[in-house]
Amino acid sequence: MSRTQELEIIRDPDGHVMELHGLVWTMSTYEGKAATRKISRFDFSQFDGRFLDRALAFGHLLASHRKHGWFSPFFSAMVHLWTYSGDPAADFAHWTETEWGDFMAWSAHQLNDQGEPLSVNTRRLYMTALRTVLRLATSAQMSDIGEDDVEALVRVMTRRFRDSNLIASQKAARRAWTSKEREHLIAILNEEWWAWRAWHDSGTDHGRTPDLLTVTAAYLCWEETVRPEEINVLTVADVDVGVGRLRLHAPNKNEYLLELQSPASMVLLKAVLSWGHDARVALGTAAVFVEPVPTPRRLGSSAFNRRLRSLLKRYGDRYPIHRPHVVLADGRKTFGSILASRAKERVLVQVAMRHVFPQTTNIYYIRQGKEALSHNVTDALRYYAGRLAMAWNAPVLEDPVAETSPAVSDILQRNPDHSTPYGACSRDAHIEGTCDLGIHCGTCPKLIPMANKINNFIAERDLYIALSKKAQEAGQLRMYENRLYHAGVMEAHIKNIERRLERES
Numbered sequence: 006m007s008r009t010q011e012l013e014i015i016r017d018p019d020g021h022v023m024e025l026h027g028l029v030w031t032m033s034t035y036e037g038k039a040a041t042r043k044i045s046r047f048d049f050s051q052f053d054g055r056f057l058d059r060a061l062a063f064g065h066l067l068a069s070h071r072k073h074g075w076f077s078p079f080f081s082a083m084v085h086l087w088t089y090s091g092d093p094a095a096d097f098a099h100w101t102e103t104e105w106g107d108f109m110a111w112s113a114h115q116l117n118d119q120g121e122p123l124s125v126n127t128r129r130l131y132m133t134a135l136r137t138v139l140r141l142a143t144s145a146q147m148s149d150i151g152e153d154d155v156e157a158l159v160r161v162m163t164r165r166f167r168d169s170n171l172i173a174s175q176k177a178a179r180r181a182w183t184s185k186e187r188e189h190l191i192a193i194l195n196e197e198w199w200a201w202r203a204w205h206d207s208g209t210d211h212g213r214t215p216d217l218l219t220v221t222a223a224y225l226c227w228e229e230t231v232r233p234e235e236i237n238v239l240t241v242a243d244v245d246v247g248v249g250r251l252r253l254h255a256p257n258k259n260e261y262l263l264e265l266q267s268p269a270s271m272v273l274l275k276a277v278l279s280w281g282h283d284a285r286v287a288l289g290t291a292a293v294f295v296e297p298v299p300t301p302r303r304l305g306s307s308a309f310n311r312r313l314r315s316l317l318k319r320y321g322d323r324y325p326i327h328r329p330h331v332v333l334a335d336g337r338k339t340f341g342s343i344l345a346s347r348a349k350e351r352v353l354v355q356v357a358m359r360h361v362f363p364q365t366t367n368i369y370y371i372r373q374g375k376e377a378l379s380h381n382v383t384d385a386l387r388y389y390a391g392r393l394a395m396a397w398n399a400p401v402l403e404d405p406v407a408e409t410s411p412a413v414s415d416i417l418q419r420n421p422d423h424s425t426p427y428g429a430c431s432r433d434a435h436i437e438g439t440c441d442l443g444i445h446c447g448t449c450p451k452l453i454p455m456a457n458k459i460n461n462f463i464a465e466r467d468l469y470i471a472l473s474k475k476a477q478e479a480g481q482l483r484m485y486e487n488r489l490y491h492a493g494v495m496e497a498h499i500k501n502i503e504r505r506l507e508r509e510s
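Take the position in the sequence shown, starting the count at 1, then add 5; the result is the number in the working numbering.
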């Protein structure tokens with residue numbers, strides 16, 4: 006990267022403009038309700054030597070890939086690295102785990118512009134920006150940077166931010182809605198949709214215009230995994246009505262052609278496009294989400310968040326949802342968490358959530374899918390009991406109960422049909438009385454019991470649920486999930502015993 010580079014302007018369709026000239030770069034963005042222009046300047050002249058060359062190269066890599074949202078934390082991280090090393094010959098791209106660890110320990114004692122210590126979230130953001138540029142460098146095949154350099158940083162970040170990652174994961178998991186909440190939301194959206202149709206067809210004003218735009222935005226987020234930032238920049242040209250496809254794009258996100266999975270999504274989008282046509286012409290915009298009445302105006306995710314909360318309050322008596330701080334992003338979080346908690350292959354979650362890197366899926370959905378289960382006893386019992394019941398009642402071709410203890414898993418696979426009247430025999434005895442132990446099957450300690458033990462299973466299930474609540478109050482997240490898992494095992498036994506009793510009666 007030459008210090009005397011010519012002026013280069015990099016634009017993207019989302020309003021970012023970067024001017025790369027010499028050692029002072031500028032970035033212009035439009036933000037806020039009034040679409041005010043914000044200009045940020047990044048002065049690389051404070052660096053020197055090889056450190057400067059590396060900073061410019063990585064900065065250009067971010068700009069060329071239109072990762073503008075990462076540029077500010079990246080530059081702040083570079084300033085901290087320069088302050089820490091002060092060595093023009095320093096090359097952080099090849100630091101060892103020890104060197105990264107020393108830097109992170111040093112940064113924990115640095116102050117921000119207000120004279121306060123840098124928060125954990127700020128330090129994690131800086132390190133994530135550095136990890137992003139290193140990954141871009143490996144994907145761009147920069148000759149001297151390899152996967153080992155990235156993994157060294159990732160391993161240190163995992164150790165250094167373990168506690169804060171767990172807390173963030175726990176908070177994010179609570180944003181995933183339960184199945185009942187999701188059912189109530191769909192019912193609310195359906196009622197508001199039919200209210201809008203009745204209002205639109207009658208042409209009469211009953212004092213309130215049903216909120217078609219919020220219904221459509223919420224449906225896209227909860228059912229189609231669309232991000233709020235993608236809704237903000239969605240234009241008429243991005244909607245292919247004929248084939249049911251959306252071209253999704255947003256700042257810091259890869260462009261993607263999304264095939265709509267629900268016919269309702271296309272019906273809603275057609276209504277929005279038709280209803281807002283004249284308002285778009287009046288405003289001179291191609292944005293999809295334009296409200297024509299009472300005054301034509303363009304709406305974004307912030308307005309939809311407020312309106313969605315109003316809808317939940319309006320229908321709260323019939324469809325209670327206790328989410329006072331609901332946002333559109335909760336829809337994608339809910340979809341991904343449910344999918345992650347049930348899918349066997351992580352790559353399926355990665356494809357469905359449109360992630361480039363599998364690490365993104367692991368951090369934001371695989372881990373949080375388990376967390377979401379651990380905060381919802383009903384869903385956790387249904388999930389774990391369903392997996393074990395499937396293994397218990399059907400011949401096993403592959404191991405669907407790999408998370409169970411080996412002894413129980415082996416027994417269920419060897420004897421899936423319960424050939425004795427009392428349960429699954431751990432000694433593979435298929436006919437009562439053929440066992441060489443000479444013990445009645447109903448009292449045999451080698452038996453996974455059936456009807457004569459159902460009350461014990463119920464008591465043990467309730468005990469595990471009580472223990473899980475204590476673990477939650479103590480902040481022991483892993484113990485919490487473990488206790489719920491065992492409660493699910495007991496629930497699986499109970500369900501299978503009940504089915505067996507129904508068949509025999």
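Just so you know, even glycine gets a beta-carbon here, dropped at the ideal spot from N, CA and C.
DSSP, read as helix, strand or coil, puts Ile-193 in helix. Rounded to whole angstroms, Ile-343 and Leu-190 show a C-alpha spacing of 16 Å. Taking 3 residues as the minimum length, the segment 275-337 contains no beta strand (DSSP E) run wholly inside it.
Nearest neighbour of Trp-111 by Cα position, chosen from Tyr-324, Pro-256, Arg-328 and Arg-165, turns out to be Arg-165. In the three-state reduction of the DSSP assignment, Ser-33 falls in the strand class, which pools E and B.
Residue pairing by DSSP places Asp-153 in no beta bridge whatsoever. Assigned with DSSP and collapsed to three states, Met-23 falls in strand. For the pair Trp-100 and Gly-151, the Cα-to-Cα distance works out to about 12 Å. Taking the CA atoms as reference points, Ala-68 sits about 20 Å from Tyr-261.
In the three-state scheme derived from DSSP, where H, G and I count as helix and E and B as strand, Ser-267 is classed as coil.
Within the segment 60-146, complete beta strand (DSSP E) segments of at least 3 residues are not found at all. Contact between Gly-281 and Val-295 holds, since their C-beta atoms are separated by about 4 Å, short of 8 Å. Annotation: Asp-154 to Thr-183 spans about 40 Å, alpha carbon to alpha carbon. For Arg-351, the enclosing alpha helix (DSSP H) covers residues 351-357. Following the DSSP letters along the chain, one finds Leu-253 in no alpha helix (DSSP H) but inside the beta strand (DSSP E) bounded by residues 250-255. Taking 7 Å as the cut-off, the Cβ atoms of Val-231 and Glu-197 do not count as close. For the pair Asp-96 and Arg-140, the CB atoms are not nearer than the 7 Å cut-off. Taking the Cα positions, Val-244 is about 14 Å away from Pro-268. In the displayed model, Arg-46 falls within a strand according to three-state DSSP. Under DSSP, no beta-bridge partner is assigned to Val-241. The beta carbon of Val-332 is closer than 6 Å to those of Asn-310 in its chain, skipping five residues each way along the sequence. Counting the other CB atoms within 10 Å of its CB gives Ile-44 a total below 16, which places it among the exposed residues. About 6 Å separates the beta carbon of Val-241 from that of Leu-278, a gap short enough to meet the 8 Å contact definition. Scanning its chain for C-beta atoms nearer than 8 Å, with the 5 sequence neighbours on each side dropped, one finds around Thr-31 the residues Met-23, Glu-24, Ile-44, Ser-45, Arg-46 and Phe-47, in chain order. DSSP, reduced to helix, strand and coil, places Leu-217 within a helical segment of the structure shown. Per DSSP, Thr-183 is not a residue of any alpha helix (DSSP H), being assigned neither H nor E. Judged by DSSP in its simplified three-state form, Leu-28 adopts coil rather than helix or strand. Within the DSSP secondary-structure output, Tyr-261 pairs in a beta bridge with Leu-253.
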